[in-house]
Amino acid sequence: MPKRSRPVATTLIGVSMLAPAILLVALTLVPGDAQAASAEASPTTWIKYSGNPVLRTGPAGAFDSKQVFSTSVVRSDGRYYLYYTGIFGTVQRIGLATSSDGKTFTRSAANPVVSSGANASVMKDGADWKMWYCGEGGVRYATSRDGTVWTEHVSNPVLPAGQTGSWDISLKSVCVLRDGLVFKMWYSGGNGDDVRIGLAVSPDGLRWDRYDGNPVLVQEVPWESARVHSPCIIRVSAEYRMWYSASNGQVERICYASSTDGESWAKYPFNPLMPASTQWESPNNLCPVVLYDGRDMRMWYTGANGTWLAQIGYAESPGQGPFAPVLLSPADRGWSNLSLPEFVWSFETDSVPSTQSAYQLQLDDSPDMSSPLLDTTESSRDRNLTAGEPLPDGTYYWRVRAWNGAGDASPWSSISTFGIDSNPPSIESLTINEGAAFTSYRKVRLRVNASDAEDGSGLAGLRYLVEGGPWTAWEAFRGNLTVDLVGQDRLWNISVEVRDRVNNTGPAAMASILLDTTPPTVTALRIENGSAYTNRNQVVLDISQTDPAPGSGPGEMSFSIDAAVWTNWEPFHARREYNLSIGDGPKTVHVRLRDRAGNTGNPVESSIVLDTTAPATSLLRIPAFSETPEFAVSWTSSDALSGIRSFDVEYTEDGGPWTGWLAGTNLTTAAFAGRDGSSYSFRARASDAAGNVEAFPAAVSMSVRVSIPTPLVSIIEPTPQKVVKGSISVAGTASHPKAGQSITLVEVSVDGGPWSAANGTLSWGTVIDTRGLKNGLHNLSARSYDGVKYSKTAFVEFQVENRAAAQDTDITPMIAIVAVVVVVAAAGGWLLMKRRGRRPNGGRPGSPAYDGPPDGSLDPSIPEMLPSPDTRLSEARLPSDLGKPPEAPSPGTGPPETHPATERGPPAGPRSRE
17 MPKRSRPVAT
27 TLIGVSMLAP
37 AILLVALTLV
47 PGDAQAASAE
57 ASPTTWIKYS
67 GNPVLRTGPA
77 GAFDSKQVFS
87 TSVVRSDGRY
97 YLYYTGIFGT
107 VQRIGLATSS
117 DGKTFTRSAA
127 NPVVSSGANA
137 SVMKDGADWK
147 MWYCGEGGVR
157 YATSRDGTVW
167 TEHVSNPVLP
177 AGQTGSWDIS
187 LKSVCVLRDG
197 LVFKMWYSGG
207 NGDDVRIGLA
217 VSPDGLRWDR
227 YDGNPVLVQE
237 VPWESARVHS
247 PCIIRVSAEY
257 RMWYSASNGQ
267 VERICYASST
277 DGESWAKYPF
287 NPLMPASTQW
297 ESPNNLCPVV
307 LYDGRDMRMW
317 YTGANGTWLA
327 QIGYAESPGQ
337 GPFAPVLLSP
347 ADRGWSNLSL
357 PEFVWSFETD
367 SVPSTQSAYQ
377 LQLDDSPDMS
387 SPLLDTTESS
397 RDRNLTAGEP
407 LPDGTYYWRV
417 RAWNGAGDAS
427 PWSSISTFGI
437 DSNPPSIESL
447 TINEGAAFTS
457 YRKVRLRVNA
467 SDAEDGSGLA
477 GLRYLVEGGP
487 WTAWEAFRGN
497 LTVDLVGQDR
507 LWNISVEVRD
517 RVNNTGPAAM
527 ASILLDTTPP
537 TVTALRIENG
547 SAYTNRNQVV
557 LDISQTDPAP
567 GSGPGEMSFS
577 IDAAVWTNWE
587 PFHARREYNL
597 SIGDGPKTVH
607 VRLRDRAGNT
617 GNPVESSIVL
627 DTTAPATSLL
637 RIPAFSETPE
647 FAVSWTSSDA
657 LSGIRSFDVE
667 YTEDGGPWTG
677 WLAGTNLTTA
687 AFAGRDGSSY
697 SFRARASDAA
707 GNVEAFPAAV
717 SMSVRVSIPT
727 PLVSIIEPTP
737 QKVVKGSISV
747 AGTASHPKAG
757 QSITLVEVSV
767 DGGPWSAANG
777 TLSWGTVIDT
787 RGLKNGLHNL
797 SARSYDGVKY
807 SKTAFVEFQV
817 ENRAAAQDTD
827 ITPMIAIVAV
837 VVVVAAAGGW
847 LLMKRRGRRP
857 NGGRPGSPAY
867 DGPPDGSLDP
877 SIPEMLPSPD
887 TRLSEARLPS
897 DLGKPPEAPS
907 PGTGPPETHP
917 ATERGPPAGP
927 RSRE
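Note that the working numbering has the sequence shown beginning at 17, numbered continuously upward.
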């Protein structure tokens, strides 16, 4: 609390700063000899007990049989508890002895009460006993409910020894004092033989901070040139008093110092105190322990003879006059939410109530009482005073001294600390399960982050309310607690209130969490969009799920290949890339989901076949030569896992570029239509169901050459250079080099004119009327046709010698006959072509061969062949002309001599065969 403006205080005039109406009383109302009739106990003048030592070494073999050193005394329930260090051999332990008068002690049956340690400082703080002592690692801490059975703190040491090279690298002894709202520790620390005294401060006795100005007491005069150690500090009103041991390296002595702040010390100029007076303590006395009861002082100390047989003695420094008042209310370190506190004390002399004639009360907001907020002296028997003005929130210190009826003044009482707190605490944050929005457990954790004002009384109580239920009973504040949610899955609200030590209750805070105890469900797991096969190790998973309302929704997912070992949890995504295990074969993926509340659903699996190996395709052997333009090409392939999906087949003609023939086909055999005289090579590849595409082989897989056998034809009649006239018979033979192959047509032509069909095939014949020819040498051509290919043309020259044109001969009947023959011959050829459903040359332009429509119908692409104008007289044929051999066609009307099978163009394409 900030310092308020202070009134001028005086001990000569009683001035009330609380109630101006109170009568001001002069100190002269107190009997004039009051100061002479009372005297405070001297901290430097001591009377040793004649029955010393009061605690000797223990029996032979006991833990304290070699030496005993006084370390701490506690007055409780009318008894003195003396804690001492017992030594046997080189081992130090802590023992306990008790006494009703401080002189006659009985060792505890529980000794040693601490089996490893020395130089304890013990206090009773409320109902708890607290001990600090030197042990492994530094200063250690223990607690007890009875002062006898002690429990080590889990985080010892609470004050570690200093760092290497520091002045307090080892800790020797310790004295702890409760000073207002903090703990103060004075300890002796050393580096080798150089031992000095330092200070540390703690808010709770556990967390200690060394004073920056350490050490606070060092060697300054000859008798303490070696070391100063084993301090004992008490506070008498506003003064700190220290008794300590000092050594010049040969003799130990007890010395005294005082301080107003516990940091800067003034040594008594006539140190050392209490010179050794008897043999048991000569030449050493050390380790002083002092208690002050409000008037008298008592000291327990260690004396050691020349052989260092150390034992414990007792001394007193009695005071005169009444004892100091005992402060009752406000309780020491207590708090109130009343800004007008009532101060209450008791006043006794030798434990008998004494008549009080006057008192002086001081109130300050600083423990040094150097500038009181209130300094009032009253001539009154009242042992209470109520503040007349409200005090702001903060920490206060007060003390009282009184005069008895004889005018004897008491010492100042001890300083009591209290606080005023009228402001409620507040909750900065309230979280459930560290701020989680969801939970799958009905037992949840509350974390309450609350605080009270800096000068407040501090958090003391807590209660909570679960929506739909009552407030719980108040309990001690704790930042973490567990609450049960009893009911169905839903959003739960929890409210919390806190209050301070004076029951100021702050506003409630509320937090919410969704209880979800139902796990999510994977409704579908698809790998590569449901494919049965894949050729990639990295696949895409599609995960469908549901989490029933009021579900928290999918939070995380985990994967496994065997449902035994799972991957770490990762954030949920409906689509995710996933790496299959190495190696071709069936693969199974297991997935499980965990919702945001932490519920884990049942795993679901899906499978796919991993196939990263392309198929192996080979062409089946085919003959190196084909006598037909159309031939079968076959291939086969194998794929161990996903199976064959389709084939691609390419060919090259006469070493040219590779050309696609079949793409994406399911066939394993197909008919290829080539060209006569061309060589073809083939290669094939396959694609499997996993998407692997085989590479085409670099080398030629299979080759074939198309070599179609040519039919033969010969002319027997007329013989070469034969002289003919009139109508002549033409005859010849036709054959085929391929066994079983038929000759389907024989045609003749005169002088390169139109081709006309002869009668017959293997033996053929026809009649030619030479009267339409000029006299002279003429050429007769013949060719055969096997339905695919024409033969080479056979030629023969013959001589026409008809009568001269000038002869007056009537040739009309002959012309008519010739016309009839021509018409009949033309009609016969046309009927033959119509019956076969193809052109006489057996192919369409650009094709090596053409068989016509497979159903035998007329090919609509072939224009209907009508007789030429020269043969239209066939419509007027005489019945007598029917059945006669066809006559030779007119010159220039026959088919061309070029052979379709020798014309180059693309193949006609395949015909499949299963």
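Here a beta-carbon is modelled for each residue, glycine too, at the ideal position from N, C-alpha and C.
Q) Under 9 angstroms between the Cβ atoms of Gly329 and Gly322? A) Taking the first residue of the sequence shown as position 1, residue 329 is located at position 313. Taking the first residue of the sequence shown as position 1, residue 322 is located at position 306. Not a contact, by the Cβ cut-off of 9 angstroms.
Practice problem: Measuring alpha carbon to alpha carbon, tell me which of Asn68, Arg608, Arg610 and Arg721 ends up nearest Glu646. | Solution: Counted from its first residue, the sequence shown places residue 646 at position 630. Among Asn68, Arg608, Arg610 and Arg721, the Cα nearest to that of Glu646 belongs to Arg721.
| request: Express the C-alpha separation of Gly206 and Asp195 in angstroms, rounding to a whole number. | output: Taking the first residue of the sequence shown as position 1, residue 195 is located at position 179. Taking the first residue of the sequence shown as position 1, residue 206 is located at position 190. Taking the straight line from one Cα to the other gives about 26 angstroms.
- Task: Pick out whichever of Ser662, Val416, Ser345 and Thr276 has its Cα sitting closest to the Cα of Gly310.
- Result: Residue 310 sits at position 294 when you count from the first residue of the sequence shown. The residue with the shortest Cα to Cα distance from Gly310 is Val416.
Nearest-angstrom beta carbon gap, Ala418 and Ser430 [assumed within contact, 8 angstroms]
Counted from its first residue, the sequence shown places residue 430 at position 414. Counted from its first residue, the sequence shown places residue 418 at position 402. Going by Cβ atoms, the distance from Ser430 to Ala418 rounds to 14 angstroms, so no, they are not a contact pair.
query = What are the partner residues of His245, as DSSP defines its beta bridges?
reply = As a working note, residue 245 is residue 229 in the sequence shown. In the DSSP output, where bridge partners are listed per residue, His245 has Ser261.
Requested in this report: Name the two residues that bound the continuous beta strand (DSSP E) containing Thr633.
Outcome: Your numbering for residue 633 matches position 617 in the sequence shown. Looking at the DSSP string, the run of the beta strand (DSSP E) that includes Thr633 is Ala632 to Leu635.
Based on Cα-Cα distance, which residue from Asn775, Phe575, Arg458 and Thr633 lies nearest to Ala613?
Along the sequence shown, read from residue 1 onward, the residue named residue 613 stands at position 597. It is Arg458.
Could you work out which residue in Ser241, Asn68, Val502 and Leu626 is closest to Arg552 when comparing CA atoms only?
-> Taking the sequence shown and counting its residues from 1, one reaches residue 552 at position 536. Checked all of Ser241, Asn68, Val502 and Leu626; the closest Cα to Arg552 is Leu626.
- Stretch pair the segment 537-556 + the segment 514-525: three plus CB contacts closer than 8 angstroms: no
Point to revise | Assumed close pair Asp532, Gly484 - CB separation to whole angstroms, cut-off 8 angstroms | key: What you label residue 532 is simply residue 516 of the sequence shown in a count that begins at 1. What you label residue 484 is simply residue 468 of the sequence shown in a count that begins at 1. About 18 angstroms separates the two Cβ atoms, so there is no contact after all.
Looking at chain D, is there any beta carbon in it that lies within less than 9 angstroms of the beta carbon of Pro304?
Although the question refers to chain D, the structure presented lacks it and comprises just one protein chain.
Q) With 16 as the cutoff for other CB atoms within 10 Å, does Gln737 come out buried or exposed? A) Residue 737 sits at position 721 when you count from the first residue of the sequence shown. Answer is exposed; the Cβ neighbour count stays below 16.
> Between Gly133, Pro341 and Val581, which lies nearest to Asn420 when the distance is taken from Cα to Cα?
Replying inline: Your numbering for residue 420 matches position 404 in the sequence shown. It is Pro341 whose Cα lies nearest to the Cα of Asn420.
message = Can you find the residues in the same chain that come closer than 6 angstroms, C-beta to C-beta, to Pro247, ignoring five residues on each side of it along the sequence?
response = In the sequence shown, residue 247 corresponds to position 231, counting from 1. Correct list, in chain order: Cys191, Trp202, Ile213, Met258 and Tyr260.
task: Please work out which residues of its chain come closer than 6 angstroms, Cβ to Cβ, to Thr949, disregarding the five sequence neighbours upstream and downstream, and give them in chain order.
output: Any property of residue 949 remains undetermined from this structure, which presents the chain solely from 17 to 930.
task = Could you pull out every residue in the same chain whose Cβ sits closer than 7 angstroms to the Cβ of Ser308, ignoring the five residues on either side in sequence?
result = As a first step, residue 308 is located in the sequence shown; it is residue number 292 there, counting from the start. Rather than Ser, the amino acid found at residue 308 in this sequence is Tyr. Counting only Cβ-Cβ distances below 7 angstroms, and skipping sequence neighbours, we find Ile250 and Val252.
_If you measure between the beta carbons of Ala590 and Ser560, is that distance less than 9 angstroms?_
Within the sequence shown, numbered from 1, the residue matching residue 590 stands at position 574. Within the sequence shown, numbered from 1, the residue matching residue 560 stands at position 544. Yes, they are a contact pair.
Label Trp145 either buried or exposed according to how many other C-beta atoms from any shown protein chain fall within 10 Å of its C-beta, with 16 as the threshold for buried.
Locating residue 145 in the sequence shown gives position 129, where the first residue counts as 1. With 16 or more other Cβ atoms within 10 Å, it is buried.
- Message: So the candidates are Asp348, Asn496 and Gly671; which of them puts its Cα closest to the Cα of Asn449?
- Response: Taking the first residue of the sequence shown as 1, we reach residue 449 at position 433. When only C-alpha atoms are compared, the closest one is Asn496.
Practice task
May I ask you to report which of helix, strand or coil DSSP gives Trp148?
Solution key: Position 132 of the sequence shown holds residue 148. It is a strand residue.
Margin query: Checking 9 angstroms against the spacing of the C-beta atoms, do Ser662 and Ala706 come in under that value?
Written below: Walking along the sequence shown from the start, residue 662 turns up at place 646. Walking along the sequence shown from the start, residue 706 turns up at place 690. No. Outside cutoff.
* Determine the DSSP secondary structure at Asn584, reduced to helix, strand or coil. => The residue labelled residue 584 in the question sits at position 568 within the sequence shown. Three-state DSSP puts Asn584 in coil, outside helix and strand.
field: Inter-residue CB distance, Val155 and Leu112 (contact presumed, cutoff 8 angstroms)
entry: What you label residue 155 is simply residue 139 of the sequence shown in a count that begins at 1. What you label residue 112 is simply residue 96 of the sequence shown in a count that begins at 1. Not really, about 19 angstroms apart at Cβ, beyond 8 angstroms.
- prompt: Should Pro291 be labelled buried (16 or more other beta-carbon atoms within 10 Å of its own) or exposed?
  reply: Taking the sequence shown and counting its residues from 1, the one referred to as residue 291 is at position 275. So Pro291 ends up on the exposed side.
Any idea what DSSP makes of Asn439, helix, strand or coil? Position 423 of the sequence shown, counting from 1, holds the residue named residue 439. In the structure shown, Asn439 sits in coil (DSSP, three-state: anything other than H, G, I, E or B).
Inset, instruction - Report yes if the CB atom of Thr73 is closer than 9 angstroms to the CB atom of Asp80, and no otherwise. - result: Against the sequence shown, residue 73 aligns to sequence position 57. Against the sequence shown, residue 80 aligns to sequence position 64. Yes, they are a contact pair.
- Message: Let's test the definition: count the other Cβ atoms within 10 Å of the Cβ of Pro219 and tell me whether it reaches 16, buried, or not, exposed.
- Response: Locating residue 219 in the sequence shown gives position 203, where the first residue counts as 1. With fewer than 16 other Cβ atoms within 10 Å, it is exposed.
Worksheet item: Mapping DSSP to helix, strand and coil, what is Glu240?
Response: Here residue 240 is taken as the residue at index 224 of the sequence shown, counted from 1. Helix at Glu240.
Checklist entry - Quick one: what's Pro176 bridged to in DSSP? => result Numbered from 1 along the sequence shown, position 160 holds the residue referred to as residue 176. According to DSSP, Pro176 bridges with Gly154.
Cut-off 6 angstroms between Cβ atoms - residues of its own chain near Gly133, not counting five sequence neighbours on either side: What you label residue 133 is simply residue 117 of the sequence shown in a count that begins at 1. Answer for Gly133: Ile110, Tyr149 and Gly151, listed in chain order.
Taking contact to mean at least 3 C-beta pairs separated by less than 8 angstroms, is the segment 347-354 in contact with the segment 452-470?
no
Using only alpha-carbon positions, find the residue among Thr681, Asn818, Gly693 and Asp692 that is nearest to Ala700. As a first step, residue 700 must be located in the sequence shown, where it is residue number 684. The candidate whose alpha carbon is nearest that of Ala700 is Thr681.
| said: If you reduce the DSSP assignment to three classes, tell me which class Asn449 lands in. | reply: Along the sequence shown, one-based indexing puts residue 449 at 433. Asn449 falls in the helix class under three-state DSSP.
**Message:** With distance defined between alpha-carbon atoms, name the residue in Ser373, Asn353, Ser345 and Arg515 nearest to Trp361.
**Reply:** Counting from one through the sequence shown, the residue named residue 361 turns up at place 345. It is Ser345 whose Cα lies nearest to the Cα of Trp361.
Roughly how many angstroms separate the alpha carbons of Leu475 and Gly569, rounded to a whole number? Taking the first residue of the sequence shown as 1, we reach residue 475 at position 459. Taking the first residue of the sequence shown as 1, we reach residue 569 at position 553. Computed Cα separation, rounded: 39 angstroms.
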